[in-house]
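Per our numbering, numbering through the sequence shown is continuous, rising by one, with the last residue being 1203. Encoded as C-alpha cells, the structure appears first; notes follow it.
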Amino acid sequence: MTDFAATRALFDLPEGITYMDGNSLGPLPRSVPDRLARTVTDEWGTMLITGWNDAGWVHMPRKLGDRIAPLIGAAPGTIVTGDTLSVKVYQALASALMMRPKRKVILSDSGNFPSDLYIAQGLIKALDQGHELRVVAPADVSGAIDDTIAVLMLTEVDYRTGRRHDMPALTTKAHECGAISIWDLAHSAGALPVDVASGGADFAVGCTYKYLNGGPGAPAFIYVAPEHADIAPPALSGWFGHEAPFAFDLDFRAAPGIERMRVGTPPILQMVALDAALDAWDGVDMNDVRARSIELSEAFIAGVEARCPELTLASPRDPSERGSQVSFRHPEGYAIMQALIDNGVIGDFRAPDILRFGITPLYLNDKDIETAVMTLALIMEDAIWDRDDYKRKRDVT
Ligand SMILES: *Cc1c(COP(=O)(O)O)cnc(C)c1O
807 MTDFAATRAL
817 FDLPEGITYM
827 DGNSLGPLPR
837 SVPDRLARTV
847 TDEWGTMLIT
857 GWNDAGWVHM
867 PRKLGDRIAP
877 LIGAAPGTIV
887 TGDTLSVKVY
897 QALASALMMR
907 PKRKVILSDS
917 GNFPSDLYIA
927 QGLIKALDQG
937 HELRVVAPAD
947 VSGAIDDTIA
957 VLMLTEVDYR
967 TGRRHDMPAL
977 TTKAHECGAI
987 SIWDLAHSAG
997 ALPVDVASGG
1007 ADFAVGCTYK
1017 YLNGGPGAPA
1027 FIYVAPEHAD
1037 IAPPALSGWF
1047 GHEAPFAFDL
1057 DFRAAPGIER
1067 MRVGTPPILQ
1077 MVALDAALDA
1087 WDGVDMNDVR
1097 ARSIELSEAF
1107 IAGVEARCPE
1117 LTLASPRDPS
1127 ERGSQVSFRH
1137 PEGYAIMQAL
1147 IDNGVIGDFR
1157 APDILRFGIT
1167 PLYLNDKDIE
1177 TAVMTLALIM
1187 EDAIWDRDDY
1197 KRKRDVT
C-alpha cells in the first residue's frame, strides 16, 4: 500500500493553506529547491558548456520520458519531454495527418481544452489542404467516428467537469475505421491509472506541471506507439530530432525512434526540477492513488451537497466516469472562488460558472476535505463572496 502520510511530507505546503488546485499547478516538492540550486552552481556554474556531456543534460528529455512512462503504461524509450503541451499537440497532429494523407477530417469534442482546438485550427490553415476540424459533443464522439476520420484527437479527462472518456473503446473504434488516435493526458498523468500501450493509443501528449508537480512552465511529454516511432514524420524538424545533430548536415534526417520528436535545446533547469519532483512517485501505486482519489472525491461531494445546496455538481456522479477533480456550478462561481482563496482554500474557476477542485492524494487528506467543505459552507451561508473585490476578474482565473 502506498503510504500517503509519507508522500504528503515530501511537499512544501504553506501553513494554513488547503491546496485543491494541483490539477492546474502542482505544489513545490521539498526535493526541488536544493536540486535546482546544485544544478545552477555545480553544473551550470562550474561545468559551463561541458555540462551537456558531463552532467548528462543532453539525455534529460529521454531520461524524464522513461520516468513518466510507468505512470501512463508506456514502455521505456517511447516518450520524450520538451517544449510545451500546445507544441506537442501540434507535433502529434501534424505527424498523424501526414500518416493519413488521403483523409481530411480531425475529430474532436467540445470538452477539449481550447488550446488543442486552436492548434488544430492553426495547423489546418498552414497546411491549406482542405482539412476540417469536426467538433462534436463529448457523448457523440463514438458515433461520429467513421472511415472519413484521419485523426481522433481527444483529451481523456475534461478540464472543466472532470468527465472521462473511455480511451480503450474509442481508440479501438478509431482503429477499426482506419483513423489515428491522439490522446491528451494533461489531466490523466499522475491523476489516474492510464495504459497507453494496451489501450493502443497511437500518440499521447501531456504536461508535467499539473499532477506531476514539475513547476510552472515544466516541459511537456510526447509518446509515440512503438510501431509508428520510426515512421511518424516529425513536423517540427529541429536539430535535436535529427539523426546526427552534431553532423550539422544541411538536410534533415529524422532520428530513429522517439528521439525524432525532440525539437531544440531542452530547458535543463525546468527538467531538473521535474526530475526531482518525480521522486515523489517512487513506490507509489497508481491504483492506490485512484482508490484514495475516489474516497476523497466522494467525501467532498457528499460534504458540499449537504452543506451548500446552492452549488450544483458539474462532474459525473459515477466515480468511474470522473478523473481526479470535482467541479460545481454556481452563477457567482468566480466570486465564490475568490472568497474561498482569501480564506485559505485554493481551487480555481473556469468560465462560465465552474468551481474546480483538484483531488491529489499524494498531499491531500481527509482533514483537508473537511476544511474545504467547512470553509465553502461558511462562505455560502453568510454570502461572504458578495463583495465587489471578489467579483473583479484577474488576468489568470
Ligand atoms: C493544461 C492543458 C493545456 C495547456 O497547454 P500548455 O501548452 O502547457 O499551456 C493544453 N491542453 C490541455 C488538455 C490541458 O489540460
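From the three backbone atoms N, C-alpha and C, an ideal C-beta is built for every residue, glycine too.
* Since H1048 sits in a beta bridge, which residues does DSSP pair it with? -> Taking the first residue of the sequence shown as 1, we reach residue 1048 at position 242. Within the DSSP bridge table, the entry for H1048 names A1060 as partners.
* Do R814 and L1084 have their C-beta atoms within less than 8 Å of each other? -> Position 8 of the sequence shown, counting from 1, holds the residue named residue 814. Position 278 of the sequence shown, counting from 1, holds the residue named residue 1084. Not closer than 8 Å, so no.
* **Neighbour-count burial assignment, G1070, 16 or more Cβ in a 10 Å radius** => The residue labelled residue 1070 in the question sits at position 264 within the sequence shown. Under this definition G1070 is an exposed residue.
* Report all residues from its chain with a CB closer than 6 Å to the CB of A1060; omit the five preceding and five following residues, and keep chain order. => For the purposes of this step, residue 1060 is identified with residue 254 of the sequence shown, where counting begins at 1. Cβ within range, chain order: P1040, R1066.
* Taking Y1017 and A1035 to be in contact with their CB atoms under 8 Å, please state how far apart those CB atoms are, rounded to whole angstroms. => Reading the sequence shown from its first residue, position 211 is the one you call residue 1017. Reading the sequence shown from its first residue, position 229 is the one you call residue 1035. In fact, because the Cβ distance is near 25 Å, the residues do not count as touching under 8 Å.
* **Cβ-based burial, S1004 [other Cβ within 10 Å; buried from 16]** => Locating residue 1004 in the sequence shown gives position 198, where the first residue counts as 1. Answer is exposed; the Cβ neighbour count stays below 16.
* **Every unbroken beta strand (DSSP E) within the region 828 to 889, with a cutoff of 3 residues, ordered by chain** => Positions of the beta strand (DSSP E) runs, each at least 3 residues long and wholly inside the region 828 to 889, are given as 885 to 888 in order along the chain.
* Starting from Y965 and walking both ways along the alpha helix (DSSP H), at which residues does that stretch end? -> Locating residue 965 in the sequence shown gives position 159, counting from the first residue. It is not in any alpha helix (DSSP H) - Y965 carries neither H nor E in the DSSP assignment.
* With 16 other Cβ atoms within 10 Å as the buried cut-off, status of T852 -> Position 46 of the sequence shown holds residue 852. Per the 10 Å Cβ criterion, exposed.
* Burial state of N1093, where buried means 16 or more other Cβ atoms lie within 10 Å -> Position 287 of the sequence shown holds residue 1093. Looking at its Cβ environment, which holds fewer than 16 other Cβ atoms inside 10 Å, N1093 is exposed.
* To do: Go through the region 1084 to 1157 residue by residue and report every complete run of the alpha helix (DSSP H) that reaches 4 residues or more, in order.
  => Runs of the alpha helix (DSSP H) lying entirely within the region 1084 to 1157 and spanning at least 4 residues, in chain order: 1092 to 1113, 1139 to 1148.
* On the premise that F1106 lies in contact with V1090, defined as a C-beta separation below 8 Å, what is that separation, rounded to the nearest angstrom? -> As a first step, residue 1090 must be located in the sequence shown, where it is residue number 284. As a first step, residue 1106 must be located in the sequence shown, where it is residue number 300. Separation of the CB atoms of V1090 and F1106 is rounded to 21 Å, and the pair is thereby denied contact status at 8 Å.
* Is it right to say P1125 is buried, meaning 16 or more other beta carbons lie within 10 angstroms of its own, or is it exposed? -> Taking the sequence shown and counting its residues from 1, the one referred to as residue 1125 is at position 319. Looking at its Cβ environment, which holds 16 or more other Cβ atoms inside 10 Å, P1125 is buried.
* State buried or exposed for Q935, treating a residue as buried only when at least 16 other CB atoms are found within 10 Å of its CB. => Within the sequence shown, the letter at position 129 stands for residue 935. Residue burial is scored here from C-beta neighbours: Q935 has fewer than 16 other C-beta atoms within 10 angstroms and is therefore classed as exposed.
* What do you reckon, are the CB atoms on S1099 and T967 nearer than 8 Å? -> Against the sequence shown, residue 1099 aligns to sequence position 293. Against the sequence shown, residue 967 aligns to sequence position 161. No, they are not a contact pair.
* To do: Go through its chain and collect everything with a Cβ distance to P835's Cβ below 8 Å, but skip five positions before and after it.
  => Reading the sequence shown from its first residue, position 29 is the one you call residue 835. The answer, listed in chain order, is L816, F817, D818, N1019, A1082, A1083, D1085, A1086.
* Can we count F919 as close to ligand 1, meaning its CB is less than 7 Å from some heavy atom? -> Here residue 919 refers to the residue found at position 113 of the sequence shown. Yes, since a heavy atom of ligand 1 falls inside the 7 Å radius drawn around the Cβ of F919.
* Measure the Cβ-Cβ separation of G822 and G1150 and say whether it is below 8 Å. => Translated into the one-based positions of the sequence shown, residue 822 becomes position 16. Translated into the one-based positions of the sequence shown, residue 1150 becomes position 344. In contact: G822 and G1150 (Cβ atoms closer than 8 Å).
* Contact the region 988 to 995 vs the region 959 to 978: 3+ CB pairs below 8 Å -> Contact holds: three or more Cβ-Cβ distances are below 8 Å.
* Chain-order list of residues whose beta-carbon lies under 8 Å from that of V893 (same chain, five-residue window excluded) -> Start at 1 with the first residue of the sequence shown, and residue 893 comes out as number 87. Within the same chain, Cβ atoms closer than 8 Å to the Cβ of V893 are found at A1026, L1042, V1069, the five residues on either side in sequence being excluded.
* Check whether the Cβ atoms of L958 and L913 sit closer than 8 Å, and answer yes or no. => Counting from 1 along the sequence shown, the entry for residue 958 is found at position 152. Counting from 1 along the sequence shown, the entry for residue 913 is found at position 107. If you check the CB distance, L958 and L913 come in under 8 Å.
* State yes or no: is the C-beta of Y1029 nearer than 7 Å to some heavy atom of ligand 1? => The sequence position of residue 1029 within the sequence shown is 223, counting from 1. No, the beta carbon of Y1029 sits no closer than 7 Å to any heavy atom of ligand 1.
* **Enclosing alpha helix (DSSP H) for I1185 [first to last residue]** => Along the sequence shown, one-based indexing puts residue 1185 at 379. Segment 1172 to 1187, the alpha helix (DSSP H) holding I1185.
* When we look at the beta-carbon of L976 and count the other beta-carbons within 10 Å, is it buried (16 or more) or exposed? -> The count along the sequence shown starts at 1 and reaches residue 976 at position 170. So L976 counts as buried.
* Rounded to the nearest angstrom, how far is the Cβ of V864 from that of I1028, given a contact under 8 Å? -> If you number the sequence shown from 1, residue 864 lands on position 58. If you number the sequence shown from 1, residue 1028 lands on position 222. Not really, about 18 Å apart at Cβ, beyond 8 Å.
* Asked: Among residues of its own chain, excluding the 5 on either side of A1189, which ones have a beta-carbon nearer than 6 Å to its beta-carbon?
  -> Along the sequence shown, read from residue 1 onward, the residue named residue 1189 stands at position 383. Excluding residues within five positions, none has a Cβ falling inside 6 Å.
* **C-alpha gap between A880 and W1191, whole angstroms** => Position 74 of the sequence shown, counting from 1, holds the residue named residue 880. Position 385 of the sequence shown, counting from 1, holds the residue named residue 1191. Between A880 and W1191, the C-alpha separation is close to 45 Å.
* To do: Give the C-beta separation of S987 and A956 to the nearest angstrom, bearing in mind that I take them to be a contact with Cβ-Cβ under 8 Å.
  => The residue you call residue 987 lines up with position 181 of the sequence shown. The residue you call residue 956 lines up with position 150 of the sequence shown. About 11 Å separates the two Cβ atoms, so there is no contact after all.
* Closest by C-alpha distance to A811, when choosing among T1177, L1170, V1179 -> Walking along the sequence shown from the start, residue 811 turns up at place 5. Nearest neighbour of A811 by Cα position, chosen from T1177, L1170, V1179, turns out to be L1170.
* Asked: Near N918, which residues of its chain fall below 7 Å by C-beta distance, leaving aside the five closest residues on each side in sequence?
  -> Taking the first residue of the sequence shown as position 1, residue 918 is located at position 112. Excluding residues within five positions, the ones whose Cβ falls inside 7 Å are L960, T961.
* **Straight-line Cα distance separating V947 from C983** => If you number the sequence shown from 1, residue 983 lands on position 177. If you number the sequence shown from 1, residue 947 lands on position 141. Approximately 13 Å between the Cα atoms of the pair.
* Asked: Which residues does DSSP pair with R970 in a beta bridge?
  -> Locating residue 970 in the sequence shown gives position 164, where the first residue counts as 1. V963, per the DSSP bridge assignment.
* Output the distance between the C-alpha atoms of R1128 and R970, rounded to the nearest integer angstrom. => Position 322 of the sequence shown, counted from the start, is the residue given in the question as residue 1128. Position 164 of the sequence shown, counted from the start, is the residue given in the question as residue 970. Computed Cα separation, rounded: 5 Å.
* Taking C-beta to C-beta, are A1178 and M826 nearer than 8 Å? -> Mapped onto the sequence shown, residue 1178 falls at position 372. Mapped onto the sequence shown, residue 826 falls at position 20. Yes, these two residues count as a Cβ contact at 8 Å.
* **Which of helix, strand or coil DSSP assigns to A926** => Translated into the one-based positions of the sequence shown, residue 926 becomes position 120. Reduced to three states, the DSSP call for A926 is helix.
* In chain order, which beta strand (DSSP E) runs of at least 3 residues are fully inside the region 950 to 1034? -> You should have 955 to 961, 986 to 990, 1009 to 1012, 1026 to 1030.
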